[in-house]
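Novice: Just so you know, the protein sequences line up as chains G and W, in that order.
Counting in my numbering, the first sequence runs from 11 upward without gaps.
Counting in my numbering, the second sequence runs from 11 upward without gaps.
Ideal placement from N, C-alpha and C gives every residue a C-beta, glycine not left out.
There are 2 protein chains.
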Amino acid sequence: MKKFINKPENFVDEMLEGILEAHPDQLTFCGNSKRNIVRTKCKDKVGLVTGGGSGHLPLFMGYVGDGLLDGTAVGGVFQSPSAEQILEITKHIDNKKGVVYIYGNYSGDIMNFEMAAEMAEMENIKTAQVIGNDDVASAPKGEEQKRRGVAGIFYLYKCAGAAAEEGANLEEVTRIANKAKASVRTMGVALSPCIIPEVGKASFSIGDDEMEIGMGIHGEPGIKRTKLQEADQIVDQMVEPILRDLSLEQNEEVSILVNGLGATPKEELYIVYRRISKILKEKNITVFNVYAGEFATSMEMTGFSISICKLDTELKRLLSKNARTPFFEQIDLNE
Amino acid sequence: MKKFINKPENFVDEMLEGILEAHPDQLTFCGNSKRNIVRTKCKDKVGLVTGGGSGHLPLFMGYVGDGLLDGTAVGGVFQSPSAEQILEITKHIDNKKGVVYIYGNYSGDIMNFEMAAEMAEMENIKTAQVIGNDDVASAPKGEEQKRRGVAGIFYLYKCAGAAAEEGANLEEVTRIANKAKASVRTMGVALSPCIIPEVGKASFSIGDDEMEIGMGIHGEPGIKRTKLQEADQIVDQMVEPILRDLSLEQNEEVSILVNGLGATPKEELYIVYRRISKILKEKNITVFNVYAGEFATSMEMTGFSISICKLDTELKRLLSKNARTPFFEQIDLNE
């Protein structure tokens, strides 16, 4: 295991300490745990909370900030945060306008967010839940409720976050998050595994000349393992199922997210985007904007994912809004 | 070689095609080569041009945009761009206010920028040059002119770019770039090499349990190869020479850049920052702001660098200004 760490058991807490030390004007913690990350300056608006395991930066705490989320419950590496953490954050950020939970479709996360929602209700805090399930590789069409949440959750955060920042109410923010959820699909590919610090060895093995399409961000099995192919061939196999699943038609408009899983250079992400662009041009689908970089990672895993989000006027407007966190800044050119 | 590419010989041009397709509102090319990257909308101000080899994204073209640079000449992987490319960009962006070349201290780059400057003079374009040489590991104090330019060049771009955007003249922009150059020092460490696509194999080998402190971003030899140590120990050996070289005193203010070389997870960069923060607190040095992420990479190399930039009121103001490129956005909170 070749990592820049101290004791493996301190990986998460030392990482968090570093983040809180680096960005005290933007991030702090609340309640009984430094793993309860919230904005330093709370805002009087509907609250947005996420949470999940560590090892995916900028997921999840990288999306806590202006125009995005208000808090995140941080778990151990690839482990769910506790219901208590989620409740403490909920109480801290609630302004009597309610709180929306947006998180990925993993059983541990669902269980703990559900429990937190029940406890919040007993404290008279209204909550709503939207569960990201954008990974088309993880279950067939018709069984969307079985699909994992991966990088596409960015679009839920961004659009719902912008709506909340504008003063939308609980129902409206929830509607927007659900609309973004219905509009985004993702597919991933991996070339190498990552190592959980406390485990010390790779969670799966893959040949020096192999790739696996559809792999999840915790190394969940994909749909096809083959010899490594050229970038264009790989992209073709990833974009086609997404377009089919989204039933995208000519003249529709989309946002593209090419997400590095950890060790993949930006140069390669743009070689990937080049092919996506060609495919969409041929189909007369318009690209509204492109995000390329690391948005949801699996530590040092080599791989990438492609997310396509179908846009209408409302989502385009929200997607364009200013956002500012220590991990993500976006300037709205219409302002 | 496990990369997401097509034919290795098309690596650079396909990457550029992807970038230009993804960000047409911000980046385009000029003259006879798609490797001459410039802003889509030129501004009436002193021009700022950089250039260098590919394989270092976001260096160099990632810093072309509002509040930063106007153009960059892109070379092959780890190869200098030509003097003709630099000249074409210079002519394209010049508004009779002169052009400042800011680039790293590598002999090929120096030769070609010098030649471009001479050719520009014949066309009545005034130029100035500032050569980044922040890598303290590459030559001892007193021999600064031998030091390589690495991630710290970000501070030259950012401060000079902000000054030019405000309307500063050629002499003033050059003065600011030189001031940032005199204020910043960097030290790197690597755990694994990268592979140049057309070469197909690693440029050096390093043991599974080894690290090399002081390695350059093209794999240039460092100052010490040892068994892999804990993050805190590694950081101590990197920060101490930087502080000594900068002669930093109590109560001074600095900006910190923790730069991933390609495959290092953000989690680890923050474990690194945690230790930097502790060291600086003990010395009563104040941290003005922190950048953590990939600013100057070596494709899929595992490693990171630490840059420390000493700040005064002028540099703090310029460093805080808005910037927007497809690879870097920063919102000025004072505006």
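What does residue 14 of chain G touch in chain C if you count any residue whose Cβ is under 7 Å from its own?
Specialist: Reference to chain C is not applicable here, since the protein chains of this structure are G and W.
Novice: Which whole runs of the alpha helix (DSSP H) in the segment 254-327 of chain G are 4 residues long or more, in chain order?
Specialist: 276-292
Novice: Could you have a look at residue 339 of chain G and say whether DSSP puts it in helix, strand or coil?
Specialist: Along the first sequence, read from residue 1 onward, the residue named residue 339 of chain G stands at position 329. Note: residue 339 of chain G maps to strand in three-state DSSP.
Novice: Expressed to the nearest angstrom, what Euclidean distance is found between the alpha-carbon atoms of residue 323 of chain G and residue 330 of chain G?
Specialist: The sequence position of residue 323 of chain G within the first sequence is 313, counting from 1. The sequence position of residue 330 of chain G within the first sequence is 320, counting from 1. Answer to the nearest angstrom: the Cα atoms are 11 Å apart.
Novice: Just curious, the beta strand (DSSP E) that residue 167 of chain W is in, first and last residue?
Specialist: Here residue 167 of chain W refers to the residue found at position 157 of the second sequence. Secondary structure note for residue 167 of chain W: it is in no beta strand (DSSP E), and the uninterrupted alpha helix (DSSP H) holding it is 163-175.
Novice: Please state the DSSP three-state secondary structure of residue 122 of chain G.
Specialist: Within the first sequence, numbered from 1, the residue matching residue 122 of chain G stands at position 112. DSSP places residue 122 of chain G in helix when its eight states are reduced to three.
Novice: So, helix, strand or coil for residue 195 of chain W, using DSSP?
Specialist: The residue given as residue 195 of chain W occupies position 185 in the second sequence. The answer is strand: DSSP assigns residue 195 of chain W an E or B state.
Novice: What three-state label does DSSP hand residue 185 of chain G in the structure shown?
Specialist: As a first step, residue 185 of chain G must be located in the first sequence, where it is residue number 175. DSSP places residue 185 of chain G in helix when its eight states are reduced to three.
Novice: Quick one: is residue 312 of chain G buried, meaning 16 or more other Cβ sit within 10 Å of its Cβ, or exposed?
Specialist: On the first sequence, position 302 is the one that residue 312 of chain G refers to. When all chains shown are included, residue 312 of chain G counts as buried.
Novice: Tell me whether residue 117 of chain W sits in a helix, a strand or coil according to DSSP, three-state version.
Specialist: Against the second sequence, residue 117 of chain W aligns to sequence position 107. Helix at residue 117 of chain W.
Novice: Taking 7 Å as the limit between beta carbons, can you name the residues of its chain near residue 149 of chain G, skipping five residues before and five after?
Specialist: Numbered from its first residue, the first sequence carries residue 149 of chain G at position 139. Excluding positions up to five away in sequence, the list reads 156, 157.
Novice: Quick one: what does DSSP say residue 220 of chain G is sitting in, helix, strand or coil?
Specialist: For the purposes of this step, residue 220 of chain G is taken as the residue at position 210 of the first sequence. Residue state for residue 220 of chain G is assigned as strand, using DSSP reduced to three classes.
Novice: I need the straight-line Cα distance from residue 194 of chain W to residue 152 of chain G, nearest angstrom please.
Specialist: Looking up residue 194 of chain W in the second sequence gives position 184. Looking up residue 152 of chain G in the first sequence gives position 142. Those two C-alpha atoms are separated by around 56 Å.
Novice: Work out the CA separation of residue 177 of chain G and residue 309 of chain W for me, nearest whole Å.
Specialist: Translated into positions along the second sequence, residue 309 of chain W becomes position 299. Translated into positions along the first sequence, residue 177 of chain G becomes position 167. The straight-line gap from Cα to Cα measures roughly 42 Å.
Novice: Report the option in G:166, G:44, G:284, G:172 whose CA atom is closest to the CA atom of residue 319 of chain G.
Specialist: For the purposes of this step, residue 319 of chain G is taken as residue 309 along the first sequence, with counting starting at 1. That would be G:166, whose Cα lies nearest to the Cα of residue 319 of chain G.
Novice: Let me check one thing: in DSSP terms, what residues is residue 57 of chain W bridge-paired to?
Specialist: Mapped onto the second sequence, residue 57 of chain W falls at position 47. DSSP lists W:109 as partners of residue 57 of chain W.
Novice: What is the C-beta distance between residue 206 of chain W and residue 88 of chain W, in whole angstroms, given that I count them as a contact (C-beta under 8 Å)?
Specialist: Stepping through the second sequence from its first residue, residue 206 of chain W is reached at position 196. Stepping through the second sequence from its first residue, residue 88 of chain W is reached at position 78. 6 Å between Cβ atoms; contact.
Novice: Is DSSP giving residue 46 of chain W helix, strand or coil here?
Specialist: Within the second sequence, the letter at position 36 stands for residue 46 of chain W. Residue 46 of chain W: strand per DSSP, three-state reduction.
Novice: Going straight from the alpha carbon of residue 119 of chain W to that of residue 94 of chain W, what length do you get?
Specialist: What you label residue 119 of chain W is simply residue 109 of the second sequence in a count that begins at 1. What you label residue 94 of chain W is simply residue 84 of the second sequence in a count that begins at 1. So the two alpha carbons sit approximately 12 Å from each other.
Novice: When you compare each of G:270, G:26, G:284, G:53 to residue 162 of chain G by their alpha carbons, which one comes out closest?
Specialist: Position 152 of the first sequence holds residue 162 of chain G. With distances taken between Cα atoms, residue 162 of chain G lies closest to G:270.
Novice: Going straight from the alpha carbon of residue 279 of chain G to that of residue 128 of chain W, what length do you get?
Specialist: Sequence index remark: in the first sequence, residue 279 of chain G carries index 269 (1-based). Sequence index remark: in the second sequence, residue 128 of chain W carries index 118 (1-based). Whole-angstrom Cα-Cα distance: 37 Å.
Novice: Starting from residue 227 of chain G, trace the alpha helix (DSSP H) in both directions and tell me its first and last residue.
Specialist: The sequence position of residue 227 of chain G within the first sequence is 217, counting from 1. That residue, residue 227 of chain G, is in no alpha helix (DSSP H); it is neither H nor E in DSSP.
Novice: May I ask you to verify whether the segment 201-220 of chain G touches the segment 229-237 of chain G, counting CB pairs closer than 8 Å and requiring at least 3?
Specialist: yes
Novice: Quick one: is residue 290 of chain G near chain W, going by C-beta distance under 7 Å?
Specialist: By one-based count along the first sequence, residue 290 of chain G stands at place 280. Taking Cβ atoms only, chain W never reaches closer than 7 Å to residue 290 of chain G, which makes this a no.
Novice: Kindly list, in the order they appear in chain W, the residues whose Cβ is closer than 8 Å to that of residue 307 of chain G.
Specialist: Position 297 of the first sequence, counted from the start, is the residue given in the question as residue 307 of chain G. Contacts between residue 307 of chain G and chain W, judged by CB atoms closer than 8 Å, involve 275, 276 in chain order.
Novice: Kindly indicate the opening and closing residues of the beta strand (DSSP E) around residue 39 of chain G.
Specialist: Working through the first sequence from its first residue, we reach residue 39 of chain G at position 29. Unbroken beta strand (DSSP E) run through residue 39 of chain G: 37-39.
Novice: So with CB distances below 7 Å, who are the chain G contacts of residue 340 of chain W?
Specialist: If you number the second sequence from 1, residue 340 of chain W lands on position 330. Result: 339.
Novice: Rounded to the nearest angstrom, what separates residue 78 of chain W and residue 335 of chain W at their Cα positions?
Specialist: Within the second sequence, numbered from 1, the residue matching residue 78 of chain W stands at position 68. Within the second sequence, numbered from 1, the residue matching residue 335 of chain W stands at position 325. If you take the alpha carbons of residue 78 of chain W and residue 335 of chain W, they lie about 8 Å apart.
Novice: Determine the chain G residues that contact residue 334 of chain W at a beta-carbon separation under 8 Å, and present them in chain order.
Specialist: Numbered from its first residue, the second sequence carries residue 334 of chain W at position 324. Per Cβ cutoff of 8 Å: 341.
Novice: So, at 6 Å on beta carbons, what are the nonlocal neighbours of residue 285 of chain G in its own chain, with the 5 sequence-adjacent residues on each side left out?
Specialist: Walking along the first sequence from the start, residue 285 of chain G turns up at place 275. Cβ neighbours of residue 285 of chain G beyond the five flanking positions: 242, 245.
Novice: Is the segment 196-214 of chain W touching the segment 128-137 of chain W, taking contact as three or more C-beta pairs under 8 Å?
Specialist: Contact fails: fewer than three Cβ-Cβ distances are below 8 Å.
Novice: Please report the Cβ distance between residue 74 of chain G and residue 180 of chain G, rounded to the nearest whole angstrom; I am assuming they are in contact, meaning their Cβ atoms lie under 8 Å.
Specialist: As a working mapping, residue 74 of chain G is identified with position 64 in the first sequence. As a working mapping, residue 180 of chain G is identified with position 170 in the first sequence. Contact flag wrong, Cβ pair sits at about 19 Å.
Novice: For the structure I just gave you, are there three or more beta carbon pairs, one from the segment 185-193 of chain W and one from the segment 134-144 of chain W, closer than 8 Å?
Specialist: Taking a cut-off of 8 Å on C-beta distances, the segment 185-193 of chain W touches the segment 134-144 of chain W, as three or more cross pairs fall below it.
Novice: For residue 71 of chain G, count neighbouring C-beta atoms within 10 Å of its own C-beta (all shown protein chains included) and say buried if the count is 16 or more, exposed if not.
Specialist: As a first step, residue 71 of chain G is located in the first sequence; it is residue number 61 there, counting from the start. By the 10 Å Cβ count, residue 71 of chain G comes out buried.
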